Amino acid sequence: AEYERVVARAVLVWNTRKLLPVSLTVLEQEHESRVRIIAGLAHSSVNNKWIMTPAFVKTKLVLMLDEGIVMLKEAIECLIRAGPNSGLKGPFVRTVGRDLSHSNDTLVSGARPRYAVVT
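Quick note on the working numbering: the sequence shown kicks off at 43 and runs consecutively.
Here it is in structure tokens:
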């Protein structure tokens, strides 16, 4: 409910031959008009998210996320405001540790999350 104002619909590409978890099936059933899951694909390919989703996209702006990214509503709003209001958008995530290591696996960790918008 918190994200309804910024996310019209979620399309998930289940890019594996593994069975879809029951929890995702229930989620799709409970939110039939807002959640679409594409599963049962013949082969796993990173291209499936581009090939299989156009028929389900009804908006001018599409936010692309991989499974390792979690975004606060405020971060999504920031992406929406940045740059053009059509096409594909997504976060470029980099956290620099004290040892100068880089991590692209989280957008919203810690007390003061940091993120960058690349458009």
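By construction, the Cβ of each residue, glycine as well, lies at the ideal position given by its N, Cα and C atoms. The structure presented is a predicted model; accordingly, all values stated were derived computationally and were not measured.
Residue burial classification, residue i (beta-carbon count within 10 angstroms, cutoff 16)
{"i": "residue 124", "result": "exposed"}
{"i": "residue 113", "result": "buried"}
{"i": "residue 121", "result": "buried"}
{"i": "residue 131", "result": "buried"}
Collapsed DSSP secondary structure at residue i in the structure displayed
{"i": "residue 111", "result": "coil"}
{"i": "residue 66", "result": "helix"}
{"i": "residue 96", "result": "helix"}
{"i": "residue 105", "result": "strand"}
{"i": "residue 124", "result": "coil"}
{"i": "residue 72", "result": "helix"}
{"i": "residue 116", "result": "helix"}
Residue-chain proximity (residue i, chain D), Cβ-Cβ < 8 Å
{"i": "residue 123", "result": "Among the chains of the structure shown, chain D does not appear; only one protein chain is present."}
DSSP beta-bridge partners of residue i
{"i": "residue 79", "result": "54"}
Check whether residue i and residue j have beta carbons under 8 Å apart
{"i": "residue 118", "j": "residue 55", "result": "no"}
{"i": "residue 72", "j": "residue 79", "result": "no"}
{"i": "residue 53", "j": "residue 95", "result": "yes"}
{"i": "residue 51", "j": "residue 76", "result": "yes"}
{"i": "residue 107", "j": "residue 127", "result": "no"}
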